[in-house]
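Peer 1: There's a structure below that I have some questions on.
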Amino acid sequence: MWVMSALSGDQSNRPIGDSAELSIQLVNSNQMTDFNTRYRDKYADTNVLSFPVDADLQHRTGLLGDLILCDEVINREAAEQAKPREHHWAHITIHGVLHLLGYDHIDESDAEIMEALEIQKLDGLAIPNPYNA
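Note that numbering that gives the first Met the number 0 numbers the sequence shown so that position 69 is 68, with each residue one more than the last.
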């Protein structure tokens, strides 16, 4: 449901046709630290890593890429932020799928676009804005 929400009404100019495929791997904190170190040179765990495939391959096949989600981090963040776990899982999953579609938050204007999409897609699931304190 969360993945479908992220894919609905995509505005990324990367049409994926009638179907899309991605893999989702759930890992623990140690495994996520290994992935984050190997692929981002950051020795720390994180909530989600996204590995999009080449845009041309997305166009031709509908294959989006891979998501790696860390249950320990997502659950810990939800508790620290006093958010329902399901809401935070939805947010992080949608966030990761948007990365697969080409969105990022490297600079402020891109972050605003991505956050607005996250808020919109979460609202469609009756989940409040995750950026409100």
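Built from N, CA and C at the ideal position, the CB exists for glycine as well.
All figures in this text were calculated on a predicted structure; none of them were measured in a lab.
Would you check if there are 3 or more beta carbon pairs closer than 8 Å linking the stretch 83–99 to the stretch 34–54?
Peer 2: As far as the Cβ criterion goes, the stretch 83–99 touches the stretch 34–54, which means the pair count is three or higher.
Peer 1: In angstroms, rounded to a whole number, what distance separates the CA positions of Ser18 and Asp122?
Peer 2: Rounded to the nearest angstrom, the two C-alpha atoms are 23 Å apart.
Peer 1: Select from Arg39, Asn29 and Glu114 the residue whose C-alpha is nearest the C-alpha of Glu71.
Peer 2: Here the closest residue by C-alpha is Asn29.
Peer 1: DSSP three-state call for Gln80: helix, strand or coil?
Peer 2: Gln80 falls in the coil class under three-state DSSP.
Peer 1: Under three-state DSSP, which class holds Asn12?
Peer 2: With a pLDDT of 49 at Asn12, under the threshold of 50, the modelled position of this residue cannot be trusted; read the value that follows with caution. Coil.
Peer 1: Does Val47 come out as helix, strand or coil in the three-state DSSP assignment?
Peer 2: Reduced to three states, the DSSP call for Val47 is strand.
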